[in-house]
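In the numbering used here, the protein residues as written are 614 to 781. In this text, a Cβ means the ideal position worked out from N, Cα and C, and glycines have one as well. Everything numeric in this text was worked out from a predicted model, so none of it was measured. Report on the structure given below.
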């Protein structure tokens, strides 16, 4: 048993991914949030735990596609059973989820709720993403439960150890 990194990419036929993401090596195609949980379960079937789960899909300041499912702070609860299943595959001492969609780091409430469901930090990038080096532009927002930290290319903009006023 070991900690593994998993990279999932939208394989929905109705969503065309960019060239850089389409050329990723070792990625796992997913079609939905349910399929995400299933595929991570398959990858962890020998008892491995997830260190980092990178989820690639189109995003905006409101949310991100996970396969063909649009996930935002308003509907994230609709996938609660799948988040619960996914949570069991993370190593809680070092687990991390990276949402690689454009601007999804601006959707702080989504990141907070996802972190709550999965029990690990969730980060997203605040600007449009470069196809070949996701996260290289504009810094990130990283949330763990009710606390978020914003950085720009490795520099902390602020670090709140208390709640950001989120409630759900």
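Quick one: what's got a C-beta closer than 7 angstroms to residue i's C-beta in the same chain, skipping five residues either side?
{"i": "residue 644", "result": "624, 625, 680 and 681"}
{"i": "residue 640", "result": "620, 621 and 622"}
{"i": "residue 735", "result": "710, 712, 724, 727, 728 and 756"}
{"i": "residue 683", "result": "676"}
Quick one: residues in its chain with C-beta nearer than 6 angstroms to the C-beta of residue i, no 5 flanking neighbours on either side, listed in chain order?
{"i": "residue 714", "result": "670, 671, 672 and 677"}
Please classify residue i: does DSSP put it in a helix, a strand, or coil?
{"i": "residue 642", "result": "strand"}
{"i": "residue 654", "result": "helix"}
Excluding the 5 residues preceding and the 5 following residue i in the sequence, name in chain order all residues of the same chain whose CB lies nearer than 8 angstroms to its CB.
{"i": "residue 649", "result": "621, 643, 668, 679, 680, 695 and 699"}
{"i": "residue 608", "result": "Nothing about residue 608 can be reported from this structure: the residues present for the chain run from 614 to 781 only."}
{"i": "residue 707", "result": "616 and 664"}
{"i": "residue 776", "result": "Since pLDDT at residue 776 reaches only 42, below the 50 mark, its modelled position is unreliable, and the value read off the structure follows with that caveat. Cβ within range, chain order: 759 and 760."}
What residue range does the beta strand (DSSP E) around residue i cover?
{"i": "residue 675", "result": "First-last for residue 675: undefined, no H or E at that position."}
{"i": "residue 623", "result": "616 to 623"}
How should residue i be labelled, buried or exposed, when 16 other C-beta atoms within 10 angstroms of its C-beta is the threshold for buried?
{"i": "residue 741", "result": "exposed"}
{"i": "residue 687", "result": "exposed"}
{"i": "residue 716", "result": "buried"}
- request: Would you mind listing the beta strand (DSSP E) stretches within the stretch 685 to 762 that are 3+ residues and don't spill past its ends, in chain order?
  value: 709 to 712, 735 to 738 and 753 to 757
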